[in-house]
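Contents: one structure, followed by commentary.
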Amino acid sequence: MTTETNNPSVQFTPERLEKAKEIIARYPEGKQKSALLPLLHVLQEQEGWTSPEGMDYVARMLDIQPIEVYEVASFYTMYHLNPVGKHVIEYCRTGPCCLMGGEEVYAHLKQRLSIDTGQTTVDGQFTLKEVECLAACGMGPVFQIREKYYMHLTNERVDEIIDELSK
Amino acid sequence: MAIKILTEHINVPGIETFDVYRKQGGYTAVEKALKTLTPESIVEEVKKAGVRGRGGAGFPMGMKWSFLAKPEGVPRYLVCNADESEPGTFKDHYLMKNIPHLLIEGMIISSFALGANKSFIYVRGELMYVIHILEKAIAEAKAKGFLGKNILGSGYDLELVVQPGGGAYICGEETALLESLEGKRGNPRNKPPFPAVKGLYQSPTVVNNVESIATTPWIINNGGEAYAGIGIGRSTGTKLISASGHINKPGVYEIELGVPVEDFIYADEWCGGIRPGHKFKALVAGGSSVPILPANLALTLANGEKRLMSYESLSDGGFATGTMLGSGGFILFDETSCIVRNTWNFSRFYHHESCGQCSPCREGTGWMEKVLHRIEYGHGHQQDIDLLVDVSKKIEGNTICPLGDAAAWPVASAIRHFRDEFQWHIDHPSEATQPGAVYRGEMALV
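Right, dumping it as C-alpha cells:
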C-alpha cells in the first residue's frame, strides 16, 4: 500500500466534490472525521474500489493521517481494497438464506462464472464476494449487485441475471 | 381485528411520500408534541407506554431516555440504530424502505423530548438504496417545515443526518456504532461511562432502534396508557416479527405481544404453517444470537401452558428450556435441517463479525467455528462436544460487548437440546457427510 500523500491521480469529479463538501458539513465543527465512512463510499462509487491513492486523497480532504483512513477501510467489509470486476456480486451466505437453498444456488453461481469467492472473471465482468446477512432473510437466497437486491434466487434466475448483465 | 401501530398504512400506495403519509394522519404527532407537550411530558408518556427497546436487548425505552445527562451548554444527541445485521432479522429494513416518514416523525418527536438539535440515523451501508429513500423523505419533511430551523414555529430546531455504515455487524452494538459514527473502527467501548453520559463526541447520547423510535408517533397520538393496554404483562404494545425459514409465508408481521407461538406459526394471517409435507423441528425466535429451542419447547412451557410471543414467556425457563424474544428474528427449521450445519453457519458469522478487541471473543469464536466445521465435515473427535461447551462458557460474560454472548448462546443451546445430533455426526462421519444428510434419531417433531 502506498503512503504517497501527494499523488494527484485520484480526484473527485466536480459533482462528487460538491457532494463530499456537503457530507463534511453535516457534522459539528471539529468532528469532520465522522465523514470518513461516507466519503469512502463516494470514493468507491467513483473509482470502483478503495484505492490507496483514493484513501490518501480522502485523508487530505479531512485533514487526518492516511493511516487513520487505512485502518478504517480495512475494518469494514464493504470497501474493496483491491480492484474488482464491473459487477460485484455479494451473496448472503448466512443461515436463513442457506435454509432456503442458498448453498446450491451459490454453487451454481460459482460454476456459471467459473470463479470462486473473492475472485474476478477473466473478462473483468464479475467479482464474487461472500457477505454476512443482507437483512432480507424472508426472501432468500439473496445477492446484491451495487444497490440492487436480487431475491428468491434459483439456478434459473441466476442464469437470467448473469445473461442480462453480460450483454 | 388486530391492532397495527407501525404497519397500518404500510401498503397504502405512495406511503413513502410526504403527501400520502400526511393524508394518512402522518406528522400529527409532531404537531401535537411541539405545540402542546413538553419534552418532560413526552418522556413520561413513553415511560407509561412501557415500550421496551426493539433492537434485541429489550431495555425500557422511557427509562433509557430518563438516564440522559443534561449538563448546560453541552449538545445532546439521538442516534437511531438502523444497522440491522442479525441473521433472521429484517424488520427495520422493511419499515424504512416502505414507510420512511414514520421513522422520521419518530425521530423528530424523540429528538425534541431529549433536547437534541442534531440527530443521526446510522443505516447499515449495504442498504444504500434505503439510505436514498430516507434522504429523499428527509428533504421532503424539511421542505414542508417539519425539519430544520424553528419547526412549525415552535422555536425548536432539528437537523437529521443519515449515516451509512461500512459493513460490520458489531456496529449494531451501541458504543461500536458511536465509534463508527465518529469515523473510526467499530470497536465497542467499555461501559461505564454509558452513552447517556458520554456518547457521541463524548456528549450525552441516546441510541434507540428503528422500531422503537417508530412507535413514538402512535404513543403521542394515543397516549402511553393506551399503548400499555396492548400486549401482555411487561411486554406492552406490538412487535414486528421477521419470519423466515421453512414456513409457508415468510415476511414481516406486526403482532400484538402475547400471541401464542403456535398461532403465529400456523395461522394464515402470519406464517401460514410449516411447508407442506414437513414437520416442525426447531425454532430460533429472536435472531441468530438467541438460544435455539426444539419444537416442543418452542410451543409449550415446562408447566404445559402455551408459550407466547412475549419477552417473559419466551424466556420462561431461563436458558434451560427457554429463549429470548431478541430482535424478533423468527427462523423456523423443519426436519430436513441439520442443526450441526446451521450452528456452524451461525458460528462462522460470529467469528467473521468479531471485532477482535477481546481475546475470549476473538479466539473463542474462531475455535468454535473450527470445531463445528470438523464435526460437520466428518472429522469430529469424541471430546469435541464438551470442548465446545467449555469454550462457549469461557466466552459468555467475559467480553466487552454482548457479541461474545451472542456467539456462545447458539452453540451452547444447540448442544443442550440436540446433543445426540452432534454425537451422531461424530459417530457416523461417512453417513453425516453425505449431501443433505440429517440426523433422524430421537428428535421430537411437531
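Taken in sequence, the protein lines are chains A and B. Numbered per our numbering, the first sequence finishes at 167, counting up by one with no gaps. Numbered per our numbering, the second sequence finishes at 1446, counting up by one with no gaps. From the three backbone atoms N, C-alpha and C, an ideal C-beta is built for every residue, glycine too.
Under 8 Å by Cβ, that's how I've got B:A1406 and B:Y1350 pegged, so tell me the actual separation to the nearest angstrom. Mapped onto the second sequence, residue 1406 of chain B falls at position 406. Mapped onto the second sequence, residue 1350 of chain B falls at position 350. Confirmed, Cβ separation roughly 6 Å.
Under the rule that 16 or more other beta-carbon atoms within 10 Å means buried, what is B:R1307, buried or exposed? Indexing the second sequence from 1 puts residue 1307 of chain B at position 307. Buried is the call here.
In chain A, what lies closer than 9 Å to B:P1164 by C-beta? One-based indexing of the second sequence puts residue 1164 of chain B at position 164. Within chain A, the residues near B:P1164 are L37, P38, H41 and M78.
The alpha helix (DSSP H) spanning B:T1321 covers which residue range? Here residue 1321 of chain B refers to the residue found at position 321 when the second sequence is read from its first residue. G1318 to T1321 is the extent of the alpha helix (DSSP H) around B:T1321.
I think A:V88 touches A:I145, with their Cβ atoms under 8 Å apart; what is that distance to the nearest whole Å? Position 88 of the first sequence, counted from the start, is the residue given in the question as residue 88 of chain A. Position 145 of the first sequence, counted from the start, is the residue given in the question as residue 145 of chain A. Indeed, because the Cβ distance is near 7 Å, the residues count as touching under 8 Å.
Note down, in chain order, each residue of its chain lying with its Cβ closer than 8 Å to the Cβ of B:G1436, except the 5 sequence neighbours on either side. In the second sequence, counting from the first residue as 1, residue 1436 of chain B sits at position 436. Same-chain partners within the cutoff: T1336.
Mind checking the stretch 114 to 128 of chain A against chain B and listing, in chain order, the residues whose C-beta falls within less than 7 Å of any C-beta there? none
Using the C-alpha atoms, what's the distance from B:G1329 back to B:F1418? On the second sequence, position 418 is the one that residue 1418 of chain B refers to. On the second sequence, position 329 is the one that residue 1329 of chain B refers to. B:F1418 and B:G1329: Cα-Cα distance of roughly 21 Å.
Determine the DSSP secondary structure at B:P1410, reduced to helix, strand or coil. For the purposes of this step, residue 1410 of chain B is taken as residue 410 along the second sequence, with counting starting at 1. Here B:P1410 sits in helix by DSSP.
Taking 8 Å as the CB-CB limit, is A:R26 close to chain B? Locating residue 26 of chain A in the first sequence gives position 26, where the first residue counts as 1. Closer than 8 Å: yes.
Of all the residues that make up the stretch 67 to 96 of chain A, which are near chain B by a beta-carbon distance shorter than 7 Å? E71, V72, F75, Y76, T77, M78, Y79, T94, G95 and P96
Bounding residues of the alpha helix (DSSP H) (the contiguous stretch that carries A:H80): Within the first sequence, numbered from 1, the residue matching residue 80 of chain A stands at position 80. No alpha helix (DSSP H) contains A:H80, which DSSP labels as neither H nor E.
Check distances from the C-beta atoms of the stretch 1168 to 1190 of chain B to those of chain A and list, in chain order, the residues that come in under 8 Å. A1168, Y1169, S1180, L1181, E1182, G1183, K1184, R1185 and G1186
Quick check on DSSP: helix, strand or coil for B:G1329? Your numbering for residue 1329 of chain B matches position 329 in the second sequence. Note: B:G1329 maps to strand in three-state DSSP.
What is the DSSP secondary structure of B:L1372, counted as helix, strand or coil? Along the second sequence, one-based indexing puts residue 1372 of chain B at 372. In the structure shown, B:L1372 sits in a helix (DSSP, three-state: H, G or I).
Comparing alpha-carbon positions, which option in B:V1206, B:G1026, B:A1432 and B:V1012 lies nearest B:I1220? On the second sequence, residue 1220 of chain B is found 220 positions in, with the first residue counted as 1. Ranking B:V1206, B:G1026, B:A1432 and B:V1012 by Cα distance to B:I1220 puts B:G1026 first.
Reduced DSSP secondary structure (H/G/I, E/B, other) of B:K1144: On the second sequence, position 144 is the one that residue 1144 of chain B refers to. Coil.
Below 8 Å on C-beta distance, what does B:G1251 contact in chain A? The residue you call residue 1251 of chain B lines up with position 251 of the second sequence. Per Cβ cutoff of 8 Å: G138.
Using the Cα positions of A:E4 and B:Y1122, report the straight-line distance between them to the nearest angstrom. Your numbering for residue 4 of chain A matches position 4 in the first sequence. Your numbering for residue 1122 of chain B matches position 122 in the second sequence. With a pLDDT of 44 at A:E4, under the threshold of 50, the modelled position of this residue cannot be trusted; read the value that follows with caution. Taking the straight line joining both Cα atoms gives about 32 Å.
Take the Cβ of A:K165 as the centre, count every other Cβ of all protein chains shown within 10 Å, and call the residue buried at 16 or more, exposed below. Within the first sequence, the letter at position 165 stands for residue 165 of chain A. The amino acid at residue 165 of chain A is misidentified as Lys; the sequence shows Leu. A:L165 comes out exposed.
Just tell me which of B:A1302, B:G1317, B:N1303 and B:A1298 has its CA closest to the CA of B:M1309. Against the second sequence, residue 1309 of chain B aligns to sequence position 309. Checked all of B:A1302, B:G1317, B:N1303 and B:A1298; the closest Cα to B:M1309 is B:A1298.
Which term fits A:E15, buried or exposed, when burial requires 16 or more other beta carbons within 10 angstroms of its beta carbon? Start at 1 with the first residue of the first sequence, and residue 15 of chain A comes out as number 15. Exposed is the call here.
Confirm, please, whether the CB-CB distance from B:C1401 to B:P1193 is below 8 Å. Against the second sequence, residue 1193 of chain B aligns to sequence position 193. Against the second sequence, residue 1401 of chain B aligns to sequence position 401. The answer is no: Cβ separation not under 8 Å.
Residue ranges of each alpha helix (DSSP H) run of no fewer than 4 residues wholly in the stretch 1144 to 1196 of chain B, ordered along the chain? 1174 to 1181
Determine whether the beta carbon atoms of A:V158 and A:R112 lie at a separation below 8 Å. Counting from 1 along the first sequence, the entry for residue 158 of chain A is found at position 158. Counting from 1 along the first sequence, the entry for residue 112 of chain A is found at position 112. Result yes, Cβ atoms of A:V158 and A:R112 sit closer than 8 Å.
Taking just the CA atoms, how far does B:A1033 sit from B:K1047? On the second sequence, position 47 is the one that residue 1047 of chain B refers to. On the second sequence, position 33 is the one that residue 1033 of chain B refers to. Roughly 15 Å separates the two Cα atoms.
Which same chain residues, not among the five before or five after B:K1118, have their C-beta less than 6 Å away from its C-beta? Here residue 1118 of chain B corresponds to residue number 118 of the second sequence, with the count starting at 1. E1159.
By the 10 Å Cβ neighbour count, where 16 or more other Cβ atoms means buried, how is B:A1113 classified, buried or exposed? Residue mapping note: residue 1113 of chain B aligns to position 113 of the second sequence, counting from 1. The residue is buried, with at least 16 neighbouring Cβ atoms inside 10 Å.
Taking the C-alpha atoms as reference points, what is the distance between B:D1019 and B:G1056? The residue labelled residue 1019 of chain B in the question sits at position 19 within the second sequence. The residue labelled residue 1056 of chain B in the question sits at position 56 within the second sequence. Rounded to the nearest angstrom, the two C-alpha atoms are 33 Å apart.
Could you check what DSSP says for B:T1365 in three-state terms: helix, strand or coil? Numbered from 1 along the second sequence, position 365 holds the residue referred to as residue 1365 of chain B. Note: B:T1365 maps to helix in three-state DSSP.
Interface residues of chain B around A:Q144 at Cβ under 7 Å? Residue mapping note: residue 144 of chain A aligns to position 144 of the first sequence, counting from 1. E1126, listed in chain order.
Could you list which residues in chain A have their beta carbon closer than 8 Å to that of B:K1118, in chain order? By 1-based counting over the second sequence, the position of residue 1118 of chain B is 118. Result: P28.
Mind listing the chain A neighbours of B:E1045? Cutoff is C-beta to C-beta under 7 Å, in chain order. What you label residue 1045 of chain B is simply residue 45 of the second sequence in a count that begins at 1. The contacting residues do not exist; B:E1045 stays about 30 Å from chain A at best.
Given 8 Å, three or more beta-carbon pairs between the stretch 1241 to 1248 of chain B and the stretch 124 to 138 of chain A: yes
According to a CB-to-CB cut-off of less than 7 Å, which residues of the stretch 1341 to 1353 of chain B neighbour chain A? N1342, N1345, F1346, F1349, H1352 and E1353
Pull up the distance between the alpha-carbon of B:K1004 and that of B:D1384, whole angstroms please. The count along the second sequence starts at 1 and reaches residue 1004 of chain B at position 4. The count along the second sequence starts at 1 and reaches residue 1384 of chain B at position 384. One C-alpha to the other measures close to 47 Å.
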